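All remarks here apply to the structure that follows.
Protein chains in written order, with our numbering: chain A, 674 to 1045; chain B, 674 to 1045.
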């Protein structure tokens, strides 16, 4: 194996693929990146049991890839990344000098890195499932931003650590919940398709990082995995086993109170009460009357905060409701609009946050019981 | 106690004083800032057993301080800082509303913070010792930058966790060592004075953070403490007990090899070998001949690196020496010059780094023994 390539584009590809390598895997070789040099292309592969990334680099003017000798090798991701990053050269040379010992050089500096032979790397099946559809990068990124943050980080109920994507005809429902809050986004697809899968939130964030703009992304789905084709990069994620609960019945249809407010005003007011938090959580109380809306919080030990909120509009009578300040801020931040509409059923009922002109997204939060 | 003050300058003073408060102190009240409102001034005090900071705020046009009622209170530093930072107001109002419960408000928002009565706070003796001298902020900052980084962070030998300042006549010697390396800076003082004190490096960094420019700083010294008067801020540090060893005899007088090199070239070359590090340390080998200078490093497990260094000048024969890459980079970075002069005695002897035109600063590093 021997090739040279422009540092900048090589480093970009290595960082993108390297994110799938894992230093925690029971299989030590999975902390590496596999380099495959064949038929005038350089293919980079990294994988743990959870996510696999493959990038195919074709020689072009931008990357200046020149292949002198085919072959393959596996190099520890963090060392090869560090070596390429630190070399002060426009063109990087890489070659196997002895067995799997690989030289990476540029200018007057060189690294010799102990690698592993390519045939030691497990074979990753990247076969493309037949069920597939296209979506724009910006739309996919928006779906991820508006749902994945809600997912649970605890493995107690694995199904809640991912976003559920359910396609039925041309409608795609994306839903996430951690059982205390819920996000639901509905988009139309260009083809009729039918699937019901749950994808780990952490893998969706990797997909989101790889999206550069408004490129068309192909998503291919089987009952075992999902693939995201983004430019020359293929990200393949496992699915989460288990049935995602039907959450549609949790979203109320009728409301007794409606608050329209500038998003940034509410974020700032709730954030001001956040110094009373412990372990990242704090409870905020909203007290509304037709005349005045007050946001307050309280901690026996530290003290209290209180302020008057100036809404754009409030319809309804007296309402007193407590909720997690962190959850409300995160839900508000998922909206791109300047104003939001918050709809309450009653004091101990779930409330929803909506975009005033866009019905495709709904955020739901369960209230907290307080003792004062 | 009741006053109002401009948010911006108040927050600045609070952060500066708050750095001396400690959440780890066995005395819980020391996690607070003491507010003293007397005679048209607001005095802020914070202290742990190690460092004390006092700032006196006189009403002026910049801070808009208006005192309505004298008094004092102690408030938890992190809560009062967070409250003032989060309030979206130009002017902050602060008043005791009940016992030690203190209201901090601005605009339509307010915080009520549980405080402690002022007389519960220990009395800190800020009496100014008679032995004192003046120094410019930039000069003091330079002394700290060029010595304190060398100090040990381990409490095994407490005397090595501080910088030793020894004044004799008008000469001030500032020396730091962790027993593997040494920094020595010599400056002239405007007065004849005599002392020998060791000041914790961490406290010197607090002093450095408070220096804003080229203000004149008064340093007052007793055999128990040292005080730094920086504008309206007084920083008082304990001294480290014990005799600082005489290290002058460790600095060689005669050298067999002299390397002059562009500082940035050597930093980059040594940094390129740093991906072989474990726990922040890595060993670098320098091999010099009259024709070529090679920087290399090696790790049994990971691999090796090697590169050719282009010096400005090298005088001496064949030399092979190994040292800590981290120590060399830190020593090099303490110089402001573009080039540095490295002088070697021999293979297993300490070597020194000097500024080509400024003899006031010397950095010394002990070599490492390697087995190859």
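Built from N, CA and C at the ideal position, the CB exists for glycine as well. It should be emphasised that the depicted structure is a prediction, and the values quoted were computed from it without experimental measurement.
Any C-beta of chain B under 9 Å from that of residue i
i	result
residue 976(A)	yes
residue 736(A)	no
residue 749(A)	yes
residue 1028(A)	no
residue 869(A)	no
residue 780(A)	yes
residue 983(A)	yes
Partners in chain A for residue i, counting only beta-carbon separations shorter than 9 Å
i	result
residue 752(B)	948, 949, 975 and 976
Contact set between residue i and chain B, taken where Cβ atoms lie within less than 7 Å
i	result
residue 755(A)	948
residue 941(A)	761
Pick from the options that is closest to residue i, judged by C-alpha positions
i	options	result
residue 675(B)	726(B), 768(B), 772(B) and 826(B)	768(B)
residue 1012(B)	958(B), 936(B) and 819(B)	936(B)
residue 722(B)	908(B), 964(B), 682(B) and 886(B)	908(B)
residue 796(A)	863(A), 872(A), 731(A) and 703(A)	703(A)
residue 1001(B)	977(B), 980(B), 968(B) and 990(B)	968(B)
residue 902(A)	774(A), 729(A), 713(A) and 872(A)	729(A)
residue 957(B)	1010(B), 742(B) and 995(B)	995(B)
residue 858(A)	684(A), 1028(A), 1043(A) and 905(A)	1028(A)
residue 739(A)	726(A), 712(A), 753(A) and 687(A)	712(A)
residue 828(A)	843(A), 851(A), 810(A) and 842(A)	851(A)
residue 1134(A)	983(A), 892(A) and 1026(A)	With chain A covering only 674 through 1045, there is no way to say anything about residue 1134(A).
residue 843(B)	1034(B), 863(B) and 693(B)	863(B)
residue 860(A)	798(A), 854(A), 805(A) and 809(A)	809(A)
residue 1096(A)	944(A), 839(A), 979(A) and 928(A)	Look at the range of chain A in this structure, 674 to 1045, and you will see that residue 1096(A) is not part of it.
residue 615(A)	706(A), 720(A), 980(A) and 1037(A)	Residue 615(A) lies beyond the range of chain A shown here (674 to 1045); nothing can be said about it.
residue 1024(A)	905(A), 1014(A), 979(A) and 841(A)	1014(A)
Cβ shell of residue i (< 8 Å), same chain only, five flanking positions each side left out
i	result
residue 680(A)	757, 760, 762, 763, 764, 765 and 779
residue 1022(B)	925 and 1040
residue 898(A)	802, 909, 910, 911 and 912
residue 919(A)	none
residue 770(A)	776 and 785
residue 783(A)	776 and 777
8 Å Cβ cut-off: residues of chain A touching residue i
i	result
residue 783(B)	978, 979 and 980
residue 787(B)	974, 975 and 976
Burial state of residue i, where buried means 16 or more other Cβ atoms lie within 10 Å
i	result
residue 914(B)	exposed
residue 1016(B)	buried
residue 922(A)	exposed
residue 889(A)	exposed
residue 685(B)	exposed
residue 1040(B)	buried
residue 811(A)	exposed
residue 1043(A)	exposed
residue 817(B)	buried
residue 847(A)	buried
residue 886(B)	exposed
residue 951(B)	exposed
residue 790(B)	exposed
residue 1036(A)	buried
residue 700(B)	exposed
Neighbourhood of residue i by C-beta distance below 7 Å, restricted to the same chain and skipping five residues each side
i	result
residue 821(B)	836, 849, 874, 877 and 878
residue 985(A)	933, 934, 935 and 1012
residue 947(A)	955 and 998
residue 754(B)	687, 688 and 691
residue 819(B)	856, 858, 1007 and 1034
residue 832(B)	871, 913, 915 and 917
residue 891(A)	805, 807 and 902
residue 737(A)	678, 679 and 764
residue 1019(B)	929
Contact set for residue i: own chain, Cβ-Cβ below 6 Å, skip 5 residues either direction
i	result
residue 930(A)	989, 992 and 1017
residue 971(B)	977
residue 709(B)	716 and 745
residue 966(B)	982 and 984
residue 731(B)	714
residue 696(A)	704
residue 882(A)	none
residue 895(B)	802
Chain B residues whose Cβ lies nearer than 9 Å to that of residue i
i	result
residue 944(A)	759
Beta carbon proximity, residue i to chain A, threshold 9 Å
i	result
residue 960(B)	no
residue 743(B)	no
residue 774(B)	yes
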